[in-house]
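Note sheet for the following structure.
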Amino acid sequence: MRFGTHYGFPIGGNTRDMVSRYIFTFGYWEPNLSEFLASRITPQTKFYDLGTNIGYFSLLAASRGADVVGFEASPQMAATAKANLEKAGLRGMIHNVALAAEVGELTLYDRSGPTNTGSRTINKPENAVIHAKVPAAPLRNLVELDPKADNVFKIDIEGAEGPVLDELADWLLTHPEATATIVVELLEEEESILERFKAARCEVAFLRNDYSRDAYLEKPNGFELTKADEPRPAHPYETVFIRG
Numbered sequence: 008m009r010f011g012t013h014y015g016f017p018i019g020g021n022t023r024d025m026v027s028r029y030i031f032t033f034g035y036w037e038p039n040l041s042e043f044l045a046s047r048i049t050p051q052t053k054f055y056d057l058g059t060n061i062g063y064f065s066l067l068a069a070s071r072g073a074d075v076v077g078f079e080a081s082p083q084m085a086a087t088a089k090a091n092l093e094k095a096g097l098r099g100m101i102h103n104v105a106l107a108a109e110v111g112e113l114t115l116y117d118r119s120g121p122t123n124t125g126s127r128t129i130n131k132p133e134n135a136v137i138h139a140k141v142p143a144a145p146l147r148n149l150v151e152l153d154p155k156a157d158n159v160f161k162i163d164i165e166g167a168e169g170p171v172l173d174e175l176a177d178w179l180l181t182h183p184e185a186t187a188t189i190v191v192e193l194l195e196e197e198e199s200i201l202e203r204f205k206a207a208r209c210e211v212a213f214l215r216n217d218y219s220r221d222a223y224l225e226k227p228n229g230f231e232l233t234k235a236d237e238p239r240p241a242h243p244y245e246t247v248f249i250r251g
């Protein structure tokens, strides 16, 4: 099934699934994050979509002229994201791979069935079933990051963020001229991660993510970042690192 979005691009999905159902009903997914990313993305942006799902954020970036590279562990979801880009007439590359510390193969687990496919994870939860065996690799084995580019990273990989964030922090430390915007859903807060990015001269902030019906009934109209020295928003929220 295909449907339109608030941002003007069409997308296809199964409305039994939470992400597709929200987009079909309201026209967008994660409105605060959508507005924040829309404010950062330009035709000069290199957009990395880590945890692509059906491709909503990849399409949002591509529709604004960004150079899009996505990474999705689920073979089914990666295929859907690729098809969505093609059918919308937008350009982007989607890699079917799990991002990890080492090259190899990992098991992807399904804990919610067809109603929340975005919760699939390489970290085995209780009462989960095997979804697929998938190739795995570090991010920088798959792409060469350009320190001269306007780099924007959206990371939502269900508890597997650690190795990727380590790579990005190291890259920023060794490329002091690089600019980057990194938005990540951290399932477990680790102050050590925040300190690493502060050491790399990143500003740290937090972006509220509200999944309530009321939050979706209001059309997206800007966003509000909470600074690191202010009280943090209620969960769930995204952690934002900005340099440049």
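Convert by adding 7 to the 1-based position in the sequence shown; the result is the number in my numbering. Note that beta-carbon positions come from the ideal geometry of N, C-alpha and C, so glycine has one too.
Check whether L44 and L67 have beta carbons under 8 Å apart:
In this structure, L67 lies closer than 8 Å to L44 by Cβ.
According to DSSP, is N103 part of a helix, a strand, or is it coil?
If DSSP states are grouped into helix, strand and coil, N103 belongs with the strands.
What would DSSP say about V159, mapped onto helix, strand or coil?
Here V159 sits in strand by DSSP.
Could I get the ranges of all uninterrupted alpha helix (DSSP H) runs contained in the region 182-234, with 4 residues as the minimum, in chain order?
DSSP runs (the alpha helix (DSSP H)) wholly in the region 182-234: 198-206 and 220-224.
Thinking V159 and R47 are a contact (beta carbons under 8 Å), I'd like their distance in whole angstroms, please.
Between R47 and V159 the Cβ distance is about 5 Å, and since that is below 8 Å, they are a contact.
Scan the region 54-132 and note each continuous alpha helix (DSSP H) run of 4 residues or more that stays entirely inside, going in chain order.
Listed in chain order, the complete alpha helix (DSSP H) runs (minimum 4 residues) inside the region 54-132 are 63-69 and 82-94.
Around the C-beta of Y35, are 16 or more other C-beta atoms found within 10 angstroms, so that it is buried, or is it exposed?
That one is buried.
Can you check whether the CB of L40 is closer than 8 Å to the CB of N216?
Cβ distance < 8 Å, so N216 and L40 count as in contact.
Assuming V191 and L201 form a contact by the criterion Cβ under 8 Å, report the distance between their Cβ atoms to the nearest whole angstrom.
At roughly 11 Å, the Cβ-Cβ gap does not stay under 8 Å, so V191 and L201 are not in contact.
Which whole-angstrom value is the C-beta distance of T128 and A167, which I expect to be below 8 Å?
Taking 8 Å as the upper bound for CB-CB distance, T128 and A167 are in contact here, some 7 Å apart.
Does the Cβ of N130 have 16 or more other Cβ atoms within 10 Å, making it buried, or fewer, making it exposed?
By the neighbour-count definition (other C-beta atoms within 10 Å, threshold 16), N130 is an exposed residue.
Which whole-angstrom value is the C-beta distance of N123 and M8, which I expect to be below 8 Å?
At roughly 17 Å, the Cβ-Cβ gap does not stay under 8 Å, so N123 and M8 are not in contact.
Output the distance between the C-alpha atoms of S199 and K205, rounded to the nearest integer angstrom.
Rounded to whole angstroms, S199 to K205 spans 10 Å at the Cα level.
Per the DSSP calculation, P142 is bridged to which residue(s)?
Bridge partners of P142: E112.
Does the distance from the C-beta atom of H138 to that of S219 stay below 8 Å?
For H138 and S219, no; Cβs fall outside 8 Å.
Under the DSSP definition of a beta bridge, which residues are partnered with F248?
BP columns for F248 point to I189 and V211.
Exposed or buried, T49, counting other C-beta atoms within 10 Å across all chains shown (16 or more means buried)?
The Cβ neighbour count for T49, taken over all protein chains shown within 10 Å, is under 16; the residue is labelled exposed.
Going by the beta-carbon positions, is the gap between I30 and G20 smaller than 8 Å?
At the C-beta level, I30 and G20 come within 8 Å of one another.
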